[in-house]
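Chemist:
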Amino acid sequence: MIIHHGGAWLEFLLSIAGFDPTGGAGILRDIRTFNYFGFYGTAVITANTAQNTKGVKKISFVDGKLIEEQLRLIAEEFNIKGVKIGIPHIDYSVNRKIADFIGRLKIPVVFDPVISPTFGKRFIEKPETILPLIEVSTVITPNFKEFEILKPPLKRHRNFTVVKGILKGNLVEDHLLKAGNVVSKVLHKKDNLTVRGTGCAFSSALLCFLVKGYPVETAFKEAAGFLETFRRESFISGSMKQWFSKL
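In our numbering, the protein residues as written are 604 to 850.
1) Rounded to a whole number of angstroms, what is the C-alpha to C-alpha distance between Ile718 and Glu820?
2) Compare the beta carbon distance of Gly621 and Ile634 with 8 angstroms and say whether it is the shorter of the two.
3) Can you have a look at Leu669 and say buried or exposed, based on whether 16 or more other CB atoms are within 10 angstroms of its CB?
4) Hey, which unbroken runs of the alpha helix (DSSP H) at 4 residues or more fall wholly within the stretch 703-756?
5) Alpha carbon to alpha carbon, what distance is there between Leu780 and Lys824?
6) Run through DSSP, which three-state label would Gly802 get?
7) Kindly list the residues whose CB is nearer than 8 angstroms to the CB of Lys849, restricted to its own chain and excluding five residues on each side of it in sequence; keep chain order.
8) Round the Cβ separation of Val686 and Val665 to the nearest angstrom and send it over; I've been treating them as touching at under 8 angstroms.
9) With H, G and I counted as helix, E and B as strand and the rest as coil, what does DSSP make of Val814?
10) Do you know whose CA, among His778, Asp777, Ala782, lies nearest Arg761's CA?
11) Measure how close the beta-carbons of Glu614 and Val814 come, nearest whole angstrom, since I'm counting them as under 8 angstroms.
12) Are Asn746 and Gly768 close, meaning C-beta to C-beta below 8 angstroms?
13) Identify the residues that DSSP records as bridge partners of Leu779: which are they?
14) Near Met604, which residues of its chain fall below 6 angstroms by C-beta distance, leaving aside the five closest residues on each side in sequence?
15) Going by the beta-carbon positions, is the gap between Phe805 and Thr744 smaller than 8 angstroms?
16) Under three-state DSSP, which class holds Asn651?
17) Hey, Pro716 and Leu753: beta-carbon distance below 8 angstroms or not?
18) Of all the options Arg699, Trp612, Lys657, Ala808, which has the alpha carbon lying nearest to the alpha carbon of Ser842?
19) Measuring alpha carbon to alpha carbon, tell me which residue in Val785, His692, Gly802, Leu810 is nearest Phe642.
Shown next as structure tokens:
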């Protein structure tokens, strides 16, 4: 179903991710990015968190049966064109059911494997827990730290992987890999500001470009360009330890 209202066609995307109450990252950031690119965002929460810019104090994973029911009901009424995955579930069987649901849709899937926060302990201790989600992903977007942790399962992933934040002196490289081989690079200056939600914003933007029909290499570069704008449009207030984007 595509709704026509006010002369504009709306297409629907789905974020399956964690909830960040600050709004800077997680599902709220995904939805804002979808909206920025003209999409309507639907969402299913995998985990609730108690956190601010100083760190994650608590995480509580959502009941798997509730997640299943939410996915079923969304698919019943919305013609989902693409899926972004953030924090995976801690339970392998729940991730398997999420993956089975996504696999039936046959649409672009971007998986940003958030297995640990910038500040705080890891969310997911066993990399094999997320294997089902890796299997159904069009592109996986770990940062360099996550990539090192996930190297064994990612070796079996034959689609695309974006490795973000590879330090090269005063510069940073993001690499697009296909079956382990670098096919494209983006180089940018090292940013001394910690801007909250950059991983979420990048992966959500990447999904938007894929759904618009861009080839993966082009979508990768366009999403990287958006992230530069995302960083420039940032602010900080009070005792915040991280910057927030206004986008």
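Glycine included, each C-beta is placed from N, C-alpha and C at the ideal position.
Modeler: Taking the geometry as given:
1) Cα to Cα, the separation comes out at about 25 angstroms.
2) Not a contact, by the Cβ cut-off of 8 angstroms.
3) Within a 10 Å sphere around the beta-carbon of Leu669 sit fewer than 16 other beta-carbons, which makes this residue exposed.
4) The qualifying runs are 734-738.
5) A direct Cα-to-Cα measurement between Lys824 and Leu780 gives close to 13 angstroms.
6) Gly802: helix per DSSP, three-state reduction.
7) Glu836, Ser837, Phe838.
8) Actually they are not in contact, since the Cβ atoms of Val686 and Val665 sit about 17 angstroms apart, beyond 8 angstroms.
9) Helix.
10) Ranking His778, Asp777, Ala782 by Cα distance to Arg761 puts Ala782 first.
11) The distance from the Cβ of Glu614 to that of Val814 is about 7 angstroms, consistent with a contact at the 8 angstroms cut-off.
12) The Cβ atoms of Asn746 and Gly768 lie closer than 8 angstroms to each other.
13) Note: Leu779 sits in a beta bridge opposite Val765, Ser787.
14) Because the pLDDT at Met604 is just 46, under 50, the model does not fix this residue reliably, and the value given afterwards should be weighed accordingly. Only Asn682 meet the Cβ criterion.
15) Their beta carbons are under 8 angstroms apart, which means Phe805 touches Thr744 by this criterion.
16) Here Asn651 sits in strand by DSSP.
17) Taking a C-beta distance under 8 angstroms as the contact criterion, Pro716 and Leu753 qualify as a contact pair.
18) Out of Arg699, Trp612, Lys657, Ala808, Lys657 has the C-alpha closest to the C-alpha of Ser842.
19) Looking only at Val785, His692, Gly802, Leu810, the smallest Cα-Cα distance to Phe642 is reached by Leu810.
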